[in-house]
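Taking our numbering, the leading residue of the sequence shown gets 382, the next gets one more, and so forth.
Note that beta-carbon positions come from the ideal geometry of N, C-alpha and C, so glycine has one too.
Just so we're clear, the structure is a prediction, and the values are computed from it rather than from any experiment.
Here is the structure we will look at.
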Amino acid sequence: MNRKTSSRMTEGPIWKKIITFAIPLFLGHMFQQLYNTADSLIVGNFLGSNALAAVSSSTNLIFLMVGFFNGIAIGAGVIIGRYFGARNFKMVEKSIHTTIAFGLAAGALLTVFSVSMSPVILRFMGTPEEVLPSSITYFRIYFSGSLAFVMYNIFVGILQAVGDSRHPLMYLIISSVINVILDLLLIGVLGFGVGAAAFATVLSQMTSALLCLRHLKKAPEEFRVRIRSIRFDLPMLRQVIANGLPAGVQNSIISLANVVVQTNINHFGKVAMAGCGSYSKIEGFGFLPVTCFAMSLTTFVSQNLGAKQYERTKKGAIFGILCSITLAELMGLCIYTFSPLLISMFNQDPEVIAYGVSQARTVTLFYFLLAFSHCIAAILWGAGKSTVPMLVMMVCWCIIRVSYITIAVRLIPDIRVVFWAYPLTWTLSSIVFLTYFLKGDWMHGFEK
């Protein structure tokens with residue numbers, strides 16, 4: 382790999398560095414969302430609403446399982462980025478190989494747990510009996526590829542930490558094409574069930590993980606992966622876990638709250654599950670500006686704080702926030718306007734469309750709040766203050782969200798009450814994050 386494929390965020394115009402880094406992330410996540418959406422589109426049109434409900438009901442549960450380890454990967458990326466920004470390449474090497482060793486162990490554990498516990502968890506979520514067998518099949522096949530999902534996120538985290546967002550984009554495009562072709566072949570042509578959709582996703586993710594590994598083995602010396610060097614360095618492992626554990630807990634907490642939301646949606650029946658599941662796939666595209674700028678800010682902040690460029694860090698943080706909230710709100714307006722057409726692409730049942738449109742028109746106008754909260758959380762991750770966003774989101778997005786739903790649905794048994802849980806809790810977290818950000822406490826430890 383040429384040295385130009387990595388990028389120091391510590392040099393050059395701030396706007397150009399952040400935008401250049403964010404565009405491949407945007408495109409990469411768009412393709413990732415495309416192949417996730419392909420499952421639902423093909424399943425919904427070829428296999429019907431029961432199969433679509435089975436795939437849709439697994440989404441939040443899947444993120445609950447994977448989210449914790451993705452958080453650890455974020456923490457590892459912060460450590461790698463900070464040492465890379467400080468040009469301490471010996472520590473970069475240690476952090477990379479320790480992170481990979483952790484990912485291998487975590488992927489193996491996740492496979493065993495998820496495959497064995499899937500029936501228990503899905504029943505606990507109140508999955509309807511007519512959907513349960515398909516949900517279990519999809520979930521088990523999907524998580525048989527846990528190692529591929531975990532290692533892909535680890536490898537991408539390493540590349541992004543050194544400023545390379547282009548190669549993950551290339552590999553996501555390849556895996557997206559593979560996923561769509563396999564979906565069409567296995568379901569559309571050969572007539573296999575929902576398990577085939579999960580199998581296609583696993584195989585495509587495995588391909589992208591192997592491509593990342595191959596690329597990292599040929600990287601420049603300062604961040605090259607050497608198979609023989611993959612081992613646990615205990616002091617480095619403590620650093621990675623100390624930075625990544627709060628982010629992992631945060632992801633799991635948010636996912637757990639969303640599982641509670643999904644459980645309440647399940648109580649309204651399979652049609653509600655299919656409609657809301659269809660909206661969730663569209664929502665993934667709406668969240669693209671949120672995701673790409675959040676990840677850009679984490680890398681930008683970690684590298685610049687490592688290089689002790691504090692004023693540059695502040696300017697980049699403000700620029701990233703403004704870009705994210707503006708684009709997120711534009712995406713929200715588009716989805717609000719075209720939601721009937723977009724939902725109908727997944728299923729033609731008028732009831733399914735009505736549920737999806739109802740959710741879309743409740744939450745999309747508040748995307749700017751979601752973007753703001755995620756950007757501040759990303760800045761704090763990059764600054765090594767990952768405990769703060771964990772606590773804010775644990776209170777606002779888990780405790781308050783779950784309490785609200787538990788009480789409100791009993792008083793008003795209307796699914797729109799469930800939908801309002803999101804904008805209400807996004808508002809609360811944004812107020813808290815704005816207060817903390819303006820105080821500037823997130824910079825103090827480094828400036829001292």
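Discussion item. If you reduce the DSSP assignment to three classes, tell me which class P804 lands in.
Written reply: The sequence position of residue 804 within the sequence shown is 423, counting from 1. It is helical.
Discussion item. Once DSSP output is grouped into helix, strand and coil, what is the label at S683?
Written reply: As a first step, residue 683 must be located in the sequence shown, where it is residue number 302. In the structure shown, S683 sits in a helix (DSSP, three-state: H, G or I).
Worksheet item: Around the C-beta of D564, are 16 or more other C-beta atoms found within 10 angstroms, so that it is buried, or is it exposed?
Response: Residue mapping note: residue 564 aligns to position 183 of the sequence shown, counting from 1. Counting Cβ neighbours within 10 Å, D564 comes out buried, since at least 16 surround it.
Worksheet item: Whose C-beta lies closer than 7 Å to the C-beta of A590 among residues of the same chain, with five residues either side of it excluded?
Response: Here the question's residue 590 lines up with position 209 in the sequence shown. A529, M532, Y533 and F536, listed in sequence order.
Discussion item. Please report the distance separating the alpha-carbon of R797 from that of Y803.
Written reply: Counting from one through the sequence shown, the residue named residue 797 turns up at place 416. Counting from one through the sequence shown, the residue named residue 803 turns up at place 422. Each residue's Cα considered, the two are about 11 Å apart.
Practice prompt. Measure the Cβ-Cβ separation of V671 and L751 and say whether it is below 8 Å.
Written response: Along the sequence shown, read from residue 1 onward, the residue named residue 671 stands at position 290. Along the sequence shown, read from residue 1 onward, the residue named residue 751 stands at position 370. Their beta carbons are under 8 Å apart, which means V671 touches L751 by this criterion.
Discussion item. What does the Cβ neighbour count give for D545, buried or exposed, with the cut at 16 atoms within 10 Å?
Written reply: Position 164 of the sequence shown holds residue 545. D545 comes out buried.
Worksheet item: On the three-state DSSP scale, how would you describe E511?
Response: To locate residue 511, count along the sequence shown from 1; it is residue 130. In this structure, E511 counts as coil in the three-state DSSP scheme.
Worksheet item: Who are the near neighbours of F649 in its chain, counting only those whose CB is closer than 6 Å to its CB and skipping five residues on each side?
Response: Counting from one through the sequence shown, the residue named residue 649 turns up at place 268. Correct list, in chain order: I796.
Fill in: Counted within 10 angstroms of its Cβ, other Cβ atoms place G393 as buried (16 or more) or exposed
On the sequence shown, position 12 is the one that residue 393 refers to. The residue is exposed, with fewer than 16 neighbouring Cβ atoms inside 10 Å.
Worksheet item: Measuring CB to CB, does V473 end up less than 8 Å from I461?
Response: By one-based count along the sequence shown, residue 473 stands at place 92. By one-based count along the sequence shown, residue 461 stands at place 80. The answer is yes: Cβ separation under 8 Å.
Worksheet item: Quick one: what does DSSP say S525 is sitting in, helix, strand or coil?
Response: Translated into positions along the sequence shown, residue 525 becomes position 144. In the structure shown, S525 sits in coil (DSSP, three-state: anything other than H, G, I, E or B).
Worksheet item: If C657 and G737 are in contact, beta carbons under 8 Å, what's the gap, nearest whole angstrom?
Response: Position 276 of the sequence shown, counted from the first residue, corresponds to residue 657. Position 356 of the sequence shown, counted from the first residue, corresponds to residue 737. The pair is a contact, with the Cβ atoms about 7 Å apart (cut-off 8 Å).
Worksheet item: Distance, Cα to Cα, N494 vs I502?
Response: In the sequence shown, the residue the question calls residue 494 occupies position 113. In the sequence shown, the residue the question calls residue 502 occupies position 121. Looking at the sequence shown, residue 494 is not Asn but Phe. Spanning the two alpha carbons is a distance of roughly 11 Å.
Worksheet item: What number of angstroms, rounded off, separates the C-alpha of G713 from the C-alpha of S659?
Response: By one-based count along the sequence shown, residue 713 stands at place 332. By one-based count along the sequence shown, residue 659 stands at place 278. So the alpha carbons of these two residues sit roughly 16 Å apart.
Discussion item. Residues in the same chain with beta-carbon distance under 7 Å from W807, minus the five sequence neighbours each way, listed in chain order, please.
Written reply: Taking the sequence shown and counting its residues from 1, the one referred to as residue 807 is at position 426. Excluding sequence neighbours, W807 sits near F747, L750, L751 and S754.
Practice prompt. Note down the Cα distance separating Y464 from M617, rounded to an integer number of angstroms.
Written response: Here residue 464 refers to the residue found at position 83 of the sequence shown. Here residue 617 refers to the residue found at position 236 of the sequence shown. Taking the straight line joining both Cα atoms gives about 12 Å.
Item to complete: Using 10 angstroms around the beta-carbon of M390, count the other beta-carbons present and answer buried if the total reaches 16, otherwise exposed.
Response: As a position in the sequence shown, residue 390 is number 9, starting the count at 1. Classification for M390: buried.
Worksheet item: What are the boundary residues of the alpha helix (DSSP H) that W762 is part of?
Response: To locate residue 762, count along the sequence shown from 1; it is residue 381. Note, W762: alpha helix (DSSP H), Y748 to G763.
Worksheet item: Run through DSSP, which three-state label would H648 get?
Response: Here residue 648 refers to the residue found at position 267 when the sequence shown is read from its first residue. Residue state, collapsed to three classes: coil.
Practice prompt. State the DSSP-derived secondary structure class of Q690, mapped to helix, strand or coil.
Written response: Taking the sequence shown and counting its residues from 1, the one referred to as residue 690 is at position 309. Q690: coil per DSSP, three-state reduction.
Fill in: The alpha helix (DSSP H) enclosing F505, as first and last residue numbers
Working through the sequence shown from its first residue, we reach residue 505 at position 124. F470 to F505 is the span of the alpha helix (DSSP H), which, as asked, contains F505.
Worksheet item: Can you give the Cα-Cα distance for F666 and L415, rounded to whole angstroms?
Response: For the purposes of this step, residue 666 is taken as the residue at position 285 of the sequence shown. For the purposes of this step, residue 415 is taken as the residue at position 34 of the sequence shown. Their Cα atoms are separated by approximately 8 Å.
Worksheet entry | N-terminal and C-terminal residue of the alpha helix (DSSP H) that T768 is part of | Against the sequence shown, residue 768 aligns to sequence position 387. Segment T768 to M774, the alpha helix (DSSP H) holding T768.
Worksheet item: On the three-state DSSP scale, how would you describe Q541?
Response: Residue 541 sits at position 160 when you count from the first residue of the sequence shown. In this structure, Q541 counts as helix in the three-state DSSP scheme.
Fill in: Range covered by the alpha helix (DSSP H) that runs through S610
Taking the first residue of the sequence shown as 1, we reach residue 610 at position 229. Careful: S610 lies outside any alpha helix (DSSP H) and carries neither H nor E.
Worksheet item: What's the C-alpha gap between A487 and R742?
Response: Residue numbering aside, residue 487 sits at position 106 when the sequence shown is read from its first letter. Residue numbering aside, residue 742 sits at position 361 when the sequence shown is read from its first letter. Roughly 39 Å between the two C-alpha positions.
Fill in: Bounding residues of the alpha helix (DSSP H) (the contiguous stretch that carries Q586)
Looking up residue 586 in the sequence shown gives position 205. Residues V575 to L597.
Item to complete: Kindly indicate which three-state DSSP category T743 falls into: helix, strand or coil?
Response: Taking the sequence shown and counting its residues from 1, one reaches residue 743 at position 362. The answer is helix: DSSP assigns T743 an H, G or I state.
Discussion item. So T428 and V575 are supposed to be a Cβ contact under 8 Å. How far apart are they, rounded?
Written reply: The residue given as residue 428 occupies position 47 in the sequence shown. The residue given as residue 575 occupies position 194 in the sequence shown. Per the sequence shown, the amino acid found at residue 428 is Leu instead of Thr. Confirmed, about 7 Å.
Worksheet item: Where does the unbroken alpha helix (DSSP H) through M551 begin, and where does it stop?
Response: Indexing the sequence shown from 1 puts residue 551 at position 170. Its alpha helix (DSSP H) spans residues R547 to D564.
Item to complete: Check whether the Cβ atoms of G466 and G625 sit closer than 8 Å, and answer yes or no.
Response: Residue mapping note: residue 466 aligns to position 85 of the sequence shown, counting from 1. Residue mapping note: residue 625 aligns to position 244 of the sequence shown, counting from 1. The answer is no: Cβ separation not under 8 Å.
Item to complete: Since I believe V496 is in contact with F524 (beta carbons under 8 Å), could you give me their beta-carbon distance rounded to a whole number of angstroms?
Response: Position 143 of the sequence shown, counted from the start, is the residue given in the question as residue 524. Position 115 of the sequence shown, counted from the start, is the residue given in the question as residue 496. Yes, they are in contact, since the Cβ atoms of F524 and V496 sit about 5 Å apart, within 8 Å.
Worksheet item: Going along the chain, which residues of its own chain have a beta-carbon closer than 6 Å to the beta-carbon of G629, five neighbours each way excluded?
Response: Here residue 629 refers to the residue found at position 248 when the sequence shown is read from its first residue. Hits under 6 Å: F449, G452 and I453.
Worksheet entry | Rounded C-alpha distance that separates T768 from Q541 | One-based indexing of the sequence shown puts residue 768 at position 387. One-based indexing of the sequence shown puts residue 541 at position 160. Their Cα atoms are separated by approximately 22 Å.
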